[in-house]
Each structure stands twice: as C-alpha cells, then as structure tokens.
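Read through the structure below, which is laid out as structure tokens, and then see the notes.
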Amino acid sequence: MDLPVTTRPVRPDDGPLFCRLWDRLSPETVYRRFHAPLRSPPADAHRLVEVDHDLREALVAVVGGEVVGVARYDRSPADPGTADVAVVVEDAWQGVGVGRQLLGELTQLAARRGVRSLTADVQADNDRVVGLVRRLLPGAVLTSRHGVYAVQSPVPGAAAPVAA
C-alpha cells in the first residue's frame, strides 16, 4: 500500500519535531537506524536538523504537523560524488510507502546535485530496508560483513562522470 505524504527539506526549527518523533520510535526502529540501542537522541542531534542542503541534505515526511519520517544523505568529504544515505520512519507509518517516497525523492535530489554513488549500512535481517534498497536501487551491490550489508549503488538517473 502506498500512502503519499507531504515531504519537505528539513529546517533548523524542526528540532522539537525530531524530539517528538524520537519518542514515538520503538527500540527496534532506533536500533535498525543507528545500529545501537540508544535510549535518547544522539548527543549531536542538532546535526540532524542543521544541513546545508548540498553536502548534507535531509527530507522529512510530515503528517498533521508532525515529522513521521526522515531520509538524509551526507556526501563524502573525499569524494562529493558519493553520499551515505539513511532513512527512518515512525513505527505507525512503516509499511505504507513513506520510506519508499522519502528515499525516492532523496535519490532524485542527490542525482540533480551530482551525487553518482550511494552507500549505506543495513542489517542483513532488516528485510523491509533490504527490499526497499533492491526496489529503488536495482544496481545496488550488497556485501555482507558480520550481519550487516555494506550497500554500494549507482544513483539512478545520475549523469556519468565526464573524463577530464
């Protein structure tokens, strides 16, 4: 089932909305996103809402004035054509297409900005996210290391690098 929701770029004043989202995430969802059993938002949580919308980008899904999902990328300082991506969706909104919508929009935005390759770490038993990666990033290579897939994917629709 796909249930489209309103999305927009994250804003610095979204901090309180992120805190409320955090309170609605189950321990399993937090673990799946951060690969650790965090009980409170990361110490550098302000970084989650402070992005430059180029090297670091985040899109939020908003329902009823509340953030219910976030997709973000951080470009590699060594290679700005490569970006690490992550997605989290509130438990009550999982399975209805919010993650797919956010990742799809973020991927298109990254392609327009010159990102050619996406990376991510996904727990190998996270069937929902593995399925999402396989659907939205059909060229992705998933390499298993200690129960975690290292994902490497060309960005669909990105222009190929031009030789100098």
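Yeah, the sequence shown ends on 164 if you go by full-length UniProt numbering, and it's all consecutive.
All C-beta atoms, glycine included, are put in the ideal place defined by N, C-alpha and C.
In whole angstroms, what is the alpha-carbon distance linking residue i and residue j?
i, j, result
"Gln-101", "Asp-14", "20 Å"
"Leu-136", "Glu-90", "20 Å"
"Pro-16", "Gln-123", "29 Å"
"Arg-128", "Arg-20", "24 Å"
"Ser-144", "Val-51", "30 Å"
"Val-151", "Val-88", "17 Å"
"Ser-153", "Arg-116", "9 Å"
"Arg-47", "Ser-26", "22 Å"
"Gly-147", "Val-5", "32 Å"
Tell me which residue opens and which closes the alpha helix (DSSP H) that residue i is part of.
i, result
"Arg-134", "127-136"
"Arg-11", "That residue, Arg-11, is in no alpha helix (DSSP H); it is neither H nor E in DSSP."
"Arg-100", "98-112"
"Glu-66", "Looking at the DSSP string, Glu-66 is not in any alpha helix (DSSP H); the run it does join, the beta strand (DSSP E), is 66-75."
Can you tell which of the options has its C-alpha closest to the C-alpha of residue i?
i, options, result
"Ala-120", "Arg-112, Leu-109, Leu-132", "Leu-132"
"Ser-7", "Gly-97, His-146, Gln-152", "A small fix is needed here, since residue 7 is Thr in this sequence, not Ser. The shortest Cα separation from Thr-7 among Gly-97, His-146, Gln-152 belongs to Gly-97."
"Val-63", "Trp-22, Asp-52, Leu-3", "Leu-3"
"Val-130", "Ser-26, Ser-117, Arg-32, Leu-25", "Arg-32"
"Asp-84", "Val-155, Asp-23, Val-5, Val-10", "Val-155"
"Val-68", "Val-10, Val-148, Leu-118", "Val-10"
"Asp-125", "Pro-138, Gly-139, Tyr-149", "Tyr-149"
"Glu-66", "Arg-24, Gln-152, Gln-94", "Arg-24"
"Phe-18", "Leu-103, Val-60, Glu-28, Leu-118", "Val-60"
"Ala-86", "Pro-12, Leu-118, Ala-71", "Ala-71"
"Arg-112", "Glu-28, Gly-157, Thr-29", "Gly-157"
Let's see if you can read the secondary structure: which residues bound the beta strand (DSSP E) around residue i?
i, result
"Val-49", "From DSSP, Val-49 is part of no beta strand (DSSP E) but of the alpha helix (DSSP H) over 46-49."
"Val-60", "56-63"
"Arg-145", "141-145"
How about the region 102-109 and the region 74-81: do they share at least three Cβ pairs that are nearer than 8 Å? Taking 8 Å as the limit for Cβ pairs, the verdict is that the region 74-81 does not touch the region 102-109.
Inspect the CB distances between the region 48-57 and the region 67-75 and report whether three or more fall short of 8 Å. Verdict: yes, contact present.
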